[in-house]
Amino acid sequence: MKLFLDTANIQEIREAVALGAINGVTTNPSLAAKENIGDLESYKTAILSITKLINGPISVEVTAADTMGMVQQAEEIANWHPNVVVKIPSTVDGFRAMAAITRQGIAVNQTLCFSVNQAILGAQAGARYVSPFVGRLDDEGLDGMQVVADIVEVFHKHGIKTQVLAASIRHPLHVTTAAKVGADVVTLPLKVLIQMAQHSLTDVGMARFMKDWQSAAGRNRP
Ligand code: E4P
6 MKLFLDTANI QEIREAVALG AINGVTTNPS LAAKENIGDL ESYKTAILSI
56 TKLINGPISV EVTAADTMGM VQQAEEIANW HPNVVVKIPS TVDGFRAMAA
106 ITRQGIAVNQ TLCFSVNQAI LGAQAGARYV SPFVGRLDDE GLDGMQVVAD
156 IVEVFHKHGI KTQVLAASIR HPLHVTTAAK VGADVVTLPL KVLIQMAQHS
206 LTDVGMARFM KDWQSAAGRN RP
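Okay, so the sequence shown: first residue is 6 according to the numbering used here, each after it adds one.
As structure tokens, then:
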């Protein structure tokens, strides 16, 4: 399973890369807006900086809602860098756009996916990744991880090659469960990545090792 960092913040990407923990990055218009990116030119500049930090797939989302606009933007975005994957939403217009751009060989991450049926349509349209939004489903009182598990099961049963990318991750248990149900990729915020490294028993163990080591060093001092 691969881990992507879910951010458009360069410093966060640097921190995750230093941990040796991530294979790629996902962005979306909200994450871009948080970094004051509000047009395609500045989105491009940010993405090109990210490609210098990490040699892996970088998802960039279209900001048009109609098929024609999405296709035009996707063609432009795909030219920015060979590692760019274009995020297209799971709408009727989006599926049309996916079908058109995957025929040109452009890699697609199907975003805003909330059901198995939407995932099947994305796979049919040639998406490389499908991104079920776990946290947003949970927020609605639904079981987001069950949707991930169902998509994984259906894709395996039918030999579908589209990769399942668990998105909208809110806490470390989401990562563990996504791994257990067979998600190919999990994209997560830096906060959750750091939480994955932490355990209270590790802290207690470290404190004891340091204390024992220092007291032995004290005894052996002449
Ligand atoms: C990533 O591809 C998604 O855009 C992202 O995980 C959405 O996360 P959110 O539901 O926390 O906004």
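Glycine is no exception: its CB is placed at the ideal position from the N, C-alpha and C atoms.
query = What do you get for Met211, buried or exposed, if any count of 16 or more other CB atoms within 10 angstroms of its CB means buried?
reply = Within the sequence shown, numbered from 1, the residue matching residue 211 stands at position 206. Exposed is the call here.
task = Tell me whether Gln168 sits in a helix, a strand or coil according to DSSP, three-state version.
result = Mapped onto the sequence shown, residue 168 falls at position 163. Reduced to three states, the DSSP call for Gln168 is strand.
message = Using 8 Å for Cβ pairs, my map puts Glu66 next to Thr107. What's the rounded Cβ distance?
response = Residue numbering aside, residue 66 sits at position 61 when the sequence shown is read from its first letter. Residue numbering aside, residue 107 sits at position 102 when the sequence shown is read from its first letter. With a Cβ gap of about 16 Å, Glu66 and Thr107 do not count as contacting.
query = For His179, which of Asp189, Gly164, Val197 has the nearest alpha-carbon?
reply = Residue mapping note: residue 179 aligns to position 174 of the sequence shown, counting from 1. If we check each option's Cα against that of His179, Val197 comes out closest.
message = One question on the structure: do Phe119 and Val152 come within less than 8 Å of each other, judged by their Cβ atoms?
response = Indexing the sequence shown from 1 puts residue 119 at position 114. Indexing the sequence shown from 1 puts residue 152 at position 147. Yes; because the gap between Cβ atoms is below 8 Å, this pair is in contact.
ask   = Between the C-alpha atoms of Met215 and Ala183, what's the straight-line distance to the nearest angstrom?
value = As a first step, residue 215 is located in the sequence shown; it is residue number 210 there, counting from the start. As a first step, residue 183 is located in the sequence shown; it is residue number 178 there, counting from the start. Cα to Cα, the separation comes out at about 35 Å.
query = chain D beta carbons: is any one of them nearer than 8 Å to that of Arg213?
reply = Absence of chain D from the displayed structure is noted, only one protein chain being present.
query = Excluding sequence positions up to five away, which residues of its chain have a Cβ less than 6 Å from the Cβ of Ile165?
reply = Counting from one through the sequence shown, the residue named residue 165 turns up at place 160. Counting only Cβ-Cβ distances below 6 Å, and skipping sequence neighbours, we find Ala128.
Cβ-based neighbour list, Ala124, same chain, cut-off 6 Å, excluding 5 preceding and 5 following = Counted from its first residue, the sequence shown places residue 124 at position 119. Closer than 6 Å at Cβ, skipping near neighbours: Cys118, Val135, Ile156.
ask   = Under 7 Å from any heavy atom of the ligand E4P, does the C-beta of Ala172 make it?
value = Position 167 of the sequence shown, counted from the first residue, corresponds to residue 172. Yes, the ligand E4P has a heavy atom inside 7 Å of this Cβ.
ask   = What is the DSSP secondary structure of Ser54, reduced to helix, strand or coil?
value = Counting from 1 along the sequence shown, the entry for residue 54 is found at position 49. Ser54 falls in the helix class under three-state DSSP.
request  = Count the other C-beta atoms from every protein chain shown that fall within 10 angstroms of the C-beta of Arg19, then say buried if there are 16 or more, exposed otherwise.
outcome  = Here residue 19 corresponds to residue number 14 of the sequence shown, with the count starting at 1. Arg19 should be labelled exposed.
ask   = Under a Cβ-count criterion, where at least 16 other Cβ atoms within 10 Å of its own Cβ denotes burial, should Pro137 be classed as buried or exposed?
value = Reading the sequence shown from its first residue, position 132 is the one you call residue 137. When all chains shown are included, Pro137 counts as buried.
DSSP-derived helix/strand/coil call for Thr31 = Stepping through the sequence shown from its first residue, residue 31 is reached at position 26. Strand.
query = Regarding Asn33 and the ligand E4P, is the C-beta to nearest heavy atom distance less than 7 Å?
reply = Counted from its first residue, the sequence shown places residue 33 at position 28. Yes, the beta carbon of Asn33 sits closer than 7 Å to at least one heavy atom of the ligand E4P.
inquiry  = Assuming contact is defined by CB atoms lying nearer than 8 Å, are Leu42 and Ile55 in contact in what I supplied?
reply    = For the purposes of this step, residue 42 is taken as residue 37 along the sequence shown, with counting starting at 1. For the purposes of this step, residue 55 is taken as residue 50 along the sequence shown, with counting starting at 1. Per the sequence shown, the amino acid found at residue 42 is Ile instead of Leu. No, Cβ-Cβ distance for Ile42 and Ile55 is not below 8 Å.
query = Who pairs with His115 in a beta bridge, going by DSSP?
reply = To locate residue 115, count along the sequence shown from 1; it is residue 110. In the sequence as presented, His is not what sits at residue 115; that position holds Gln. DSSP, once it has assigned bridges, lists Ile93, Val135 as partnering Gln115.
ask   = By Cβ distance, which residues of its chain are closer than 6 Å to Ser173, with the 5 residues on each side in sequence left out?
value = Taking the first residue of the sequence shown as position 1, residue 173 is located at position 168. If we look at Ser173 and ignore the five residues flanking it on each side, its Cβ neighbours are Phe138, Val139, Gly140, Arg141.
message = For the ligand E4P, is there any heavy atom lying closer than 7 Å to the beta carbon of Gln119?
response = Here the question's residue 119 lines up with position 114 in the sequence shown. Gln is not the amino acid found at residue 119; the sequence shown has Phe there. Checking the Cβ of Phe119 against the ligand E4P gives no.
inquiry  = Suppose contacts are defined by Cβ-Cβ distances below 8 Å. Is Gly29 in contact with Gly61 by that definition?
reply    = Along the sequence shown, one-based indexing puts residue 29 at 24. Along the sequence shown, one-based indexing puts residue 61 at 56. In this structure, Gly61 lies closer than 8 Å to Gly29 by Cβ.
inquiry  = Spatial neighbours of Ala132 within its chain, please: C-beta separation below 8 Å, excluding the five flanking residues on both sides.
reply    = The residue labelled residue 132 in the question sits at position 127 within the sequence shown. If we look at Ala132 and ignore the five residues flanking it on each side, its Cβ neighbours are Ile93, Met103, Thr107, Val113, Asn114, Gln115, Thr167.
key: Residues of its chain near Ala86, where Cβ-Cβ distance is below 6 Å and the 5 sequence neighbours each way are ignored   = Position 81 of the sequence shown, counting from 1, holds the residue named residue 86. The displayed chain sequence assigns His, not Ala, to residue 86. Once the five neighbours on either side are set aside, the close Cβ partners of His86 are Thr56.
message = Starting from Val65, trace the beta strand (DSSP E) in both directions and tell me its first and last residue.
response = Against the sequence shown, residue 65 aligns to sequence position 60. Start and end: 63-66.
request  = From the DSSP output, in three-state form, read off Leu24 for me.
outcome  = Position 19 of the sequence shown, counted from the start, is the residue given in the question as residue 24. Coil at Leu24, not helix or strand.
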